[in-house]
Amino acid sequence: MNLAQLPLNQRDYCAHHLIKLMKCKRDNWPNFLACKHERHDWDYCEHQDHVMRMKEYERERRLQMRKKRLEEAQAA
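Residue numbering for the sequence shown follows this note's numbering, starting at 35 and increasing by one per position.
Written out as structure tokens, the structure is:
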């Protein structure tokens, strides 16, 4: 990632797709439409990563609510 000069805010789970996209843009510079496939792969990976993070967040939230509910039931 350092060699690809990837910004810190873009170093995530999908960085390998972004590196391929940046290389494609550099190699096919005037013809940016030649990189549609790489762009799609990166967008799809970012979307899937976002969905997975939201699912994990919801799962943790529900587990915390359940734990709180069980503690209140035991206290009563």
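For each residue, glycine too, the CB sits at the ideal point set by N, CA and C.
As the structure is a prediction and not an experimental result, all values here were calculated from the model.
Identity of the residue in the options nearest residue i by Cα
{"i": "Arg73", "options": "Glu90, Lys59 and Val85", "result": "Lys59"}
{"i": "Asp83", "options": "Gln44, Arg96 and Lys101", "result": "Gln44"}
Buried or exposed (CB count within 10 angstroms, at least 16 for buried), residue i
{"i": "Leu52", "result": "buried"}
{"i": "Leu67", "result": "exposed"}
{"i": "Leu55", "result": "buried"}
Validate contact between the stretch 76-96 and the stretch 46-53 using beta carbons, cut 8 Å, 3 pairs: yes
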